[in-house]
Amino acid sequence: MKILALETSCDETSASVIEGNNVLSNIISSQIVHSQFGGVVPELASRAHLQLVVPVVNQALQTAQITLSQIDGFAVTNGPGLVGALLVGLNFIKGLALSCNKPFIGINHMEGHIYGNLLTQKNIQFPVLFLIVSGGHTMLVVMRGHLDYEIIGTTRDDAVGEAFDKTAKILGLGYPGGPIIDSLAEKGDEKFIRFPKAFYKDTHFDFSFSGLKTAVLTYKNKHEPDFISENMASICASFRFAAIDVLVAKTIRAAKKYNAKAVAVAGGVAANVLVRRMLAEQSQKNGLDYYQPKFEFCSDNAAMIGRTAQEYFARNKASGQGLNAFPSLKLVSAN
Amino acid sequence: MNFPKTWISNSISDSQKIAQELSTLLMPGDVVLLEGTLGSGKTFLVQEICKNWHIEDDVTSPTFTLIQNYSGNIAVNHMDLYRIEAIEELDQLGWEDMVYSDAVTFIEWPQMVEPILNSYYKINIDLKDGRREITLNKK
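Protein sequences, first through last, are from chains R and S.
The opening position of the first sequence corresponds to residue 153 in the numbering used here, with each subsequent residue numbered one higher.
The opening position of the second sequence corresponds to residue 451 in the numbering used here, with each subsequent residue numbered one higher.
Next comes the structure, spelled out in structure tokens:
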């Protein structure tokens, strides 16, 4: 079954054609060079979904070398996200489904991240303990089978990706902060400063990263600028270790508590070098399988939405034209 | 209340008391701008005010999500314009509908919209020697 999927929940406009686990195209607006739009879009601004949706969908079909009439079903993110952004994608897909007389389904963005990981796994052993980490989300989910989720922890303030971006800003390192801190940290000493790890020893599985960000700010204000710049790599390494260690420790502890056979990581921060390294090490040490996504399926993309849709279509589920967009859509199991 | 009104907070419980005062002052339809450096506690203040209003949704940082909507005794819009680079980007978010609604609207990093708002409260949080000076103004 060939699916055309669209994702417009936040910054990116993305379209993909996917068949099974075979990604025929996965176009992401910020990654396309300007020339492909023939000057129609002067700046590839974030969230310009209305201007970008047609060229991005056309590009996805062209790259996959198929026409709209060969598509068997459509998929679109209908939450969580920005309501205005979600509505552009949802209404576009509703229109396509109606005019092509093919089914469509609304997909939860977080569920999409999960399948962005699973789409490259050969052999999935449930239950899987999923750590979903991005600029906007930090979440632990027990997945007992396909489309079966239980959220066991979330952040109480900042998402971990946001903590990276804001810490980079505090340290004057630029944007996006995640990759910058990650590469600097590789050259530093993670034991240089002991930054706080919120809820590290608590039995619940919630997170908090706001205090860590403030701790870096306080540290920076207490020291001379020269000292900060001389030790930047080690400050980044110490910050990164504090953030990632708490994620990994709680993920492994949750995996044991919920008798998971595997742990998995998804979302933009799943591209972080240390989270990958530590999860791989700790999973092995604890006799758990470990699934990590390919880099191209970490940040927001439509292939992950299309892959999720296949699970629903395989169970004869589809959405009706009355489907709405929900900015705070919760991740729930399919029944 | 006379404006500007200034509080000093030396602790979390001080900030919680200030939040409680603010939660009785604010009425549906009010717009509240929040200014202060990264880590000064803007989101914390919104969280605490929302607790007083028995908001059931999770109140978290909207920096990445840009706009969050909560419901409880009072409807709340929680915006963060930190990542917005141009006012044109805002137009796509439907933010004006929210500002002129019956909800209380909190806006973190509001510099871009302040000149185009008619009436609002403005809270400044200054971090000084480990304590916070919280100033409330009204326009």
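Cβ atoms here follow ideal geometry from the backbone N, Cα and C, with glycine treated the same way.
For residue i: DSSP bridge partner residues
i: N178 of chain R; result: R:S168
i: N173 of chain R; result: Paired residue(s): none; N173 of chain R is not in a bridge.
i: Q518 of chain S; result: S:H528
i: Y301 of chain R; result: R:M295
i: E485 of chain S; result: S:N574
i: V280 of chain R; result: R:M295, R:A414
i: A227 of chain R; result: R:A157, R:I257
i: V285 of chain R; result: R:T290
i: V554 of chain S; result: S:V526
i: F359 of chain R; result: R:T307
Contacts around residue i, its chain only, beta-carbon distance under 6 Å, and the 5 residues preceding and following it disregarded
i: E448 of chain R; result: none
i: L239 of chain R; result: A477
i: I245 of chain R; result: L158, F226, V228, F256
i: I573 of chain S; result: L484, L586
i: D334 of chain R; result: N424, V425
i: E342 of chain R; result: A389, S390, F393
i: L250 of chain R; result: none
i: F453 of chain S; result: N587, K588
CB of residue i within 8 Å of CB of residue j, strictly
i: Y442 of chain R; j: N269 of chain R; result: no
i: V285 of chain R; j: Y352 of chain R; result: no
i: M529 of chain S; j: E558 of chain S; result: yes
i: S294 of chain R; j: A412 of chain R; result: The amino acid at residue 294 of chain R is misidentified as Ser; the sequence shows Val. Yes, the Cβ-Cβ distance between V294 of chain R and A412 of chain R is below 8 Å.
i: D508 of chain S; j: S521 of chain S; result: no
i: A418 of chain R; j: F282 of chain R; result: yes
i: V400 of chain R; j: Q434 of chain R; result: yes
i: A385 of chain R; j: G340 of chain R; result: yes
i: L242 of chain R; j: I517 of chain S; result: no
i: V427 of chain R; j: I396 of chain R; result: yes
i: W503 of chain S; j: N527 of chain S; result: no
i: S480 of chain R; j: N519 of chain S; result: yes
i: S461 of chain S; j: I468 of chain S; result: no
i: I179 of chain R; j: T215 of chain R; result: yes
i: E263 of chain R; j: L483 of chain R; result: yes
i: K402 of chain R; j: T272 of chain R; result: no
i: G287 of chain R; j: F494 of chain S; result: no
i: R582 of chain S; j: G491 of chain S; result: yes
i: S473 of chain S; j: I499 of chain S; result: yes
i: A461 of chain R; j: I218 of chain R; result: no
i: V563 of chain S; j: L531 of chain S; result: yes
i: D317 of chain R; j: S511 of chain S; result: no
Close Cβ partners of residue i (< 8 Å) along its chain, the five nearest in sequence each way excluded
i: V193 of chain R; result: At V193 of chain R the pLDDT is 44, less than 50, meaning the model places this residue with poor confidence; the figure from the coordinates comes in the next sentence. H186, A200, Q203, L204, P207, listed in sequence order.
i: R467 of chain R; result: L299, A486
i: I276 of chain R; result: L270, A414, Y443
i: L364 of chain R; result: A315, T319, F347, P348, K349, A350, F391, A394, A395
i: I322 of chain R; result: K365, V368, L369, K372
i: P331 of chain R; result: A423
Residue i CB to nearest heavy atom of the ligand MN below 7 Å
i: E448 of chain R; result: In terms of ligand content, the structure shown is empty, and the ligand MN therefore cannot be addressed.
Own chain residues within Cβ distance below 7 Å of residue i, not counting five before or after
i: T290 of chain R; result: T306, T307, A311, V312, F359
i: T165 of chain R; result: S181, H201, L204, V205, V208
i: K569 of chain S; result: As written in the sequence, residue 569 of chain S is Ser, which differs from the Lys given in the question. K589.
i: L336 of chain R; result: M384, A385, C388
i: S177 of chain R; result: S168, V169, A212, T215, A216
Element boundaries [alpha helix (DSSP H), containing residue i]
i: L481 of chain R; result: From DSSP, L481 of chain R is part of no alpha helix (DSSP H); its letter is neither H nor E.
i: Y443 of chain R; result: That residue, Y443 of chain R, is in no alpha helix (DSSP H); its beta strand (DSSP E) goes 441-443.
i: G330 of chain R; result: 329-337
i: F494 of chain S; result: 492-502
i: V466 of chain R; result: Per the sequence shown, the amino acid found at residue 466 of chain R is Ala instead of Val. That run of the alpha helix (DSSP H) goes 455-466.
i: F379 of chain R; result: 377-382
i: N243 of chain R; result: 235-252
i: S435 of chain R; result: 425-437
i: I537 of chain S; result: 537-541
i: T370 of chain R; result: 362-374
i: E564 of chain S; result: Segment: none, E564 of chain S is in no alpha helix (DSSP H) and carries neither H nor E.
i: D547 of chain S; result: 545-549
N-terminal and C-terminal residue of the beta strand (DSSP E) that residue i is part of
i: Y571 of chain S; result: 571-578
i: K467 of chain S; result: Unbroken run through K467 of chain S is the alpha helix (DSSP H), 462-475; no beta strand (DSSP E).
i: L507 of chain R; result: Since the first residue shown for chain R is 153 and the last is 487, residue 507 of chain R is missing from the structure and cannot be characterised.
i: R581 of chain S; result: 581-588
i: T456 of chain S; result: 455-459
Contacts that residue i makes with chain C (C-beta to C-beta distance below 9 Å)
i: L292 of chain R; result: Absent from the structure: chain C. Protein chains present are R and S.
**Prompt:** Going along the segment 316-333 of chain R in order, which residues come within less than 7 Å of chain S, judged by CB to CB distance?
**Reply:** K318, K321, I322
**Request:** With 8 Å as the C-beta to C-beta threshold (strictly closer), list the residues of the segment 221-235 of chain R near chain S in chain order.
**Result:** P232, G233, L234, V235
**Asked** Going along the chain, which residues of the segment 458-487 of chain S sit with their C-beta nearer than 8 Å to a C-beta in chain R?
**Response** T487
**Prompt:** If contact means a Cβ-Cβ distance below 9 Å, which residues of the segment 459-481 of chain R contact chain S?
**Reply:** P479, S480
**Item:** Selection of the segment 487-509 of chain S by Cβ proximity to chain R, strictly under 9 Å
**Value:** T487, L488, G489, S490, G491, T493, F494, Q497, D507, D508, V509
**Prompt:** If contact means a Cβ-Cβ distance below 8 Å, which residues of the segment 540-561 of chain S contact chain R?
**Reply:** Q542, L543, G544
**Item:** chain S contacts from the segment 349-364 of chain R (Cβ-Cβ distance under 8 Å)
**Value:** S362
**Request:** Taking only beta carbons into account, state which residues of the segment 292-315 of chain R come closer than 8 Å to chain S, listed in chain order.
**Result:** T306, T307, R308, D309, D310, A311, G313, E314
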